[in-house]
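Numbers in my numbering are just positions in the sequence shown, counted from 1, shifted up by 24.
In what follows, a single structure is set out as structure tokens and then discussed.
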Amino acid sequence: MVGQKGIPANYGGVERAVEELSARLVERGHEVSVFNRREYRDEPIAEHRGIQLVPVRATSGKHSGNLTQSLSGTVRTVGRGFDVVHFHAMGPCLFTPLARVGSNAAVVATIQGRDDQRAKWGLAARASLRTAAWASAHVPHEVIVVSKQLGHHYEADHRRATHHIPNGVTPADRSRQADTAVLDRFGLCNQGYILNVGRLVPEKAMDQAIIAFRKVETDAKLVIVGGSSHTDTYVKRLEQLAAQDERVVLTGPLYGDELGCVFGQASAYVMPSLLEGLPLALLEAVSYHLPLIVSDIQPHLEVVESDGIGHRVFRAGDVDDMARAMKRTLEDVRFSGDACRQLEERVAEEYSWDRITMLTEDVYRQAIERAAGGVRRRLWSPRSQR
Numbered sequence: 025m026v027g028q029k030g031i032p033a034n035y036g037g038v039e040r041a042v043e044e045l046s047a048r049l050v051e052r053g054h055e056v057s058v059f060n061r062r063e064y065r066d067e068p069i070a071e072h073r074g075i076q077l078v079p080v081r082a083t084s085g086k087h088s089g090n091l092t093q094s095l096s097g098t099v100r101t102v103g104r105g106f107d108v109v110h111f112h113a114m115g116p117c118l119f120t121p122l123a124r125v126g127s128n129a130a131v132v133a134t135i136q137g138r139d140d141q142r143a144k145w146g147l148a149a150r151a152s153l154r155t156a157a158w159a160s161a162h163v164p165h166e167v168i169v170v171s172k173q174l175g176h177h178y179e180a181d182h183r184r185a186t187h188h189i190p191n192g193v194t195p196a197d198r199s200r201q202a203d204t205a206v207l208d209r210f211g212l213c214n215q216g217y218i219l220n221v222g223r224l225v226p227e228k229a230m231d232q233a234i235i236a237f238r239k240v241e242t243d244a245k246l247v248i249v250g251g252s253s254h255t256d257t258y259v260k261r262l263e264q265l266a267a268q269d270e271r272v273v274l275t276g277p278l279y280g281d282e283l284g285c286v287f288g289q290a291s292a293y294v295m296p297s298l299l300e301g302l303p304l305a306l307l308e309a310v311s312y313h314l315p316l317i318v319s320d321i322q323p324h325l326e327v328v329e330s331d332g333i334g335h336r337v338f339r340a341g342d343v344d345d346m347a348r349a350m351k352r353t354l355e356d357v358r359f360s361g362d363a364c365r366q367l368e369e370r371v372a373e374e375y376s377w378d379r380i381t382m383l384t385e386d387v388y389r390q391a392i393e394r395a396a397g398g399v400r401r402r403l404w405s406p407r408s409q410r
């Protein structure tokens, strides 16, 4: 696995996706190596959930760090006898030609979103990502996309057939005792609140969510969980907006039991994004039976399908429409239970990590056959089947 910062996953949808997929591949008898950034953990570990963790070096730059880590990981795959080299996200695909030329491995790419369209990148980084976007469509033996919209893009712009395999969700464990200390710390005990969890980047439009929330007359709060992703200027703007309304709470990043507690006690979940691949945080919110307030971009609609009680949809970028959706959601929270449960049941089935792992295995088999010119390679069989 190449392209993730590292596992165990503390943050980031790519990291969580790689960990959950890799762990299940190990359970199914495969040997999996994940190339971690050497600085990812203070004390590096060699194995996690049966996954081999291989440290590689990276520079500290915003864009160069990701690229040099992916380059280092790709170099480490050359001549190592891997059956499959799996790239995650668009940027790392810049080095898929090296994997194709440097080994007999099948090359697979999973595209999590249009990274070349993200606002945080400068001109040089965007040029690099445009090259990576071309490589992601033309070099791998097989390409996976996490949303149908991405599949349509690859078909229309690159004439490349893809496999639609979404990210998955781990069902919320409601039997665990909640550590309410985190609620005390942010003044959320016995307090209703609308939640958002994610990287604080412009395309997720949390500045618009704060402005919309200020238009809603309510005693509830708006709680934003997450930190900067090389976007300090944008985070400062959020802090300035939050300072104008005492109901808005910026917690910074939260992990583990603390994050689970904040999810479990929320009244609703808002996702105002202008650009997404398929957000894992949205699937997590569904697993906690939270009423949803989402913009009408296609990846969100693939999950919620339509506007209604339990999943209100507003026009992306329309602050007034978002405010109306927030108001309606808070008004009908007590009537949302059945709709939220029905959505949770559908998502649990369609976005099961076990199902996703089996679909990914099928793609690996096709990639290996393609890499071998249509001849099935005997090395494919997992250890338990050899």
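For every residue, glycine included, the Cβ atom is placed at its ideal position computed from N, Cα and C.
{"Check": "Just grab the DSSP bridge partners of Arg183 for me.", "Outcome": "Note: Arg183 sits in no beta bridge, so no partner."}
{"Check": "When the Cα of Leu274 is compared with those of Leu304, Asp231, Leu118, which residue comes out closest?", "Outcome": "Asp231"}
{"Check": "Answer with yes or no whether the minimum CB distance from Val221 to chain C is below 7 Å.", "Outcome": "Among the chains in the structure shown there is no chain C, since it carries only a single protein chain."}
{"Check": "Using 10 angstroms around the beta-carbon of Arg370, count the other beta-carbons present and answer buried if the total reaches 16, otherwise exposed.", "Outcome": "exposed"}
{"Check": "Using a Cβ-Cβ cutoff of less than 7 Å, which residues in the same chain neighbour Tyr217 once the five nearest sequence positions on both sides are dropped?", "Outcome": "Ala244, Lys245, Leu246, Val247, Ala290, Ser291"}
{"Check": "My understanding is that Val170 touches Thr186, with C-beta atoms under 8 Å, so please give their C-beta distance in whole angstroms.", "Outcome": "In fact, because the Cβ distance is near 10 Å, the residues do not count as touching under 8 Å."}
{"Check": "From what residue to what residue does the alpha helix (DSSP H) around Met346 run?", "Outcome": "343 to 355"}
{"Check": "Let's test the definition: count the other Cβ atoms within 10 Å of the Cβ of Glu51 and tell me whether it reaches 16, buried, or not, exposed.", "Outcome": "exposed"}
{"Check": "Quick check: Tyr375 and Val193, are their CB atoms within less than 7 Å of each other?", "Outcome": "yes"}
{"Check": "Report the three-state DSSP secondary structure of Tyr217 (helix, strand or coil).", "Outcome": "strand"}
{"Check": "Using only CA atoms, which one of Thr255, Ile235, Asn220, Asn60 lies nearest to Leu304?", "Outcome": "Asn220"}
{"Check": "In three-state DSSP terms, what is Gly284?", "Outcome": "helix"}
{"Check": "Could you please give the first and the last residue of the uninterrupted alpha helix (DSSP H) stretch that includes Pro79?", "Outcome": "Here Pro79 belongs to no alpha helix (DSSP H); instead the beta strand (DSSP E) covers 75 to 80."}
{"Check": "How big is the Cα-Cα spacing for Gly332 and Met350?", "Outcome": "13 Å"}
{"Check": "Given Asp269, which residues of its chain have a CB within under 6 Å of its CB, disregarding the five upstream and five downstream residues?", "Outcome": "Arg238"}
{"Check": "Would you mind reading off the limits of the alpha helix (DSSP H) that contains Tyr293?", "Outcome": "Per DSSP, Tyr293 belongs to no alpha helix (DSSP H); it is in the beta strand (DSSP E), 292 to 295."}
{"Check": "With 16 other CB atoms within 10 Å as the buried threshold, where does Lys260 fall?", "Outcome": "exposed"}
{"Check": "Work out the CA separation of Ala347 and Arg336 for me, nearest whole Å.", "Outcome": "11 Å"}
{"Check": "Starting from the C-beta of Arg400, find all residues in its chain whose C-beta is less than 6 Å away, skip the five residues before and the five after it, and write them out in chain order.", "Outcome": "For Arg400, the predicted model reports a pLDDT of 42, less than 50, meaning its position is unreliable and no value from the coordinates is stated."}
{"Check": "Taking a contact to mean a Cβ-Cβ separation below 7 Å, would you say Gly30 touches Tyr64 in this structure?", "Outcome": "yes"}
{"Check": "Please report the distance separating the alpha-carbon of Leu45 from that of Pro190.", "Outcome": "11 Å"}
{"Check": "Evaluate Phe359 with the Cβ neighbour count: other Cβ atoms within 10 Å of its Cβ, from every protein chain shown; 16 or more gives buried, anything less gives exposed.", "Outcome": "exposed"}
{"Check": "Skipping 5 residues on each side, what residues in its chain have a beta carbon closer than 8 Å to that of Glu39?", "Outcome": "Gln28, Lys29, Gly30, Ile31, Ala33"}
{"Check": "Can you give me the start and stop residues for the beta strand (DSSP E) that Thr275 sits inside?", "Outcome": "272 to 276"}
{"Check": "Do you know offhand how far Gln409's Cα is from His72's?", "Outcome": "With a pLDDT of 38 at Gln409, under the threshold of 50, the modelled position of that residue is not reliable, and the figure given next carries that caveat. Cα-Cα distance, rounded: 23 Å."}
{"Check": "If Leu262 and Leu224 are in contact, beta carbons under 8 Å, what's the gap, nearest whole angstrom?", "Outcome": "6 Å"}
{"Check": "Taking Val38 as part of the alpha helix (DSSP H), name the residues at either end of that continuous run.", "Outcome": "37 to 51"}
{"Check": "Report the residue ranges of all alpha helix (DSSP H) runs contained in full by the segment 58 to 133; include only those spanning at least 4 residues, in chain order.", "Outcome": "88 to 101, 120 to 126"}
{"Check": "Go through its chain and collect everything with a Cβ distance to Arg62's Cβ below 8 Å, but skip five positions before and after it.", "Outcome": "Pro68, Pro79, Val80, Arg81, Ala82"}
{"Check": "For Arg339, which option in Ala372, His188, Pro164, Ala233 has the closest C-alpha, if you only look at C-alpha atoms?", "Outcome": "Ala233"}
{"Check": "Can you tell me whether Glu241 is buried or exposed? The criterion is at least 16 other CB atoms within 10 Å of its CB, across all chains shown.", "Outcome": "exposed"}
{"Check": "Let me know if Val125 comes out buried or exposed under the rule of 16 or more other beta-carbons within 10 Å of its beta-carbon.", "Outcome": "exposed"}
{"Check": "Taking 8 Å as the limit between beta carbons, can you name the residues of its chain near Ala236, skipping five residues before and five after?", "Outcome": "Pro296, Val343, Asp344, Met346, Ala347, Met350"}
{"Check": "Helix, strand or coil, according to DSSP, for Trp404 in the structure here?", "Outcome": "With a pLDDT of 46 at Trp404, under the threshold of 50, the modelled position of this residue cannot be trusted; read the value that follows with caution. Residue state, collapsed to three classes: helix."}
{"Check": "Taking only the alpha-carbon atoms, compute the straight-line gap between Arg379 and Ala267 and give it to the nearest angstrom.", "Outcome": "44 Å"}
{"Check": "Where does Glu369 sit, in a helix, a strand or coil, going by DSSP?", "Outcome": "helix"}
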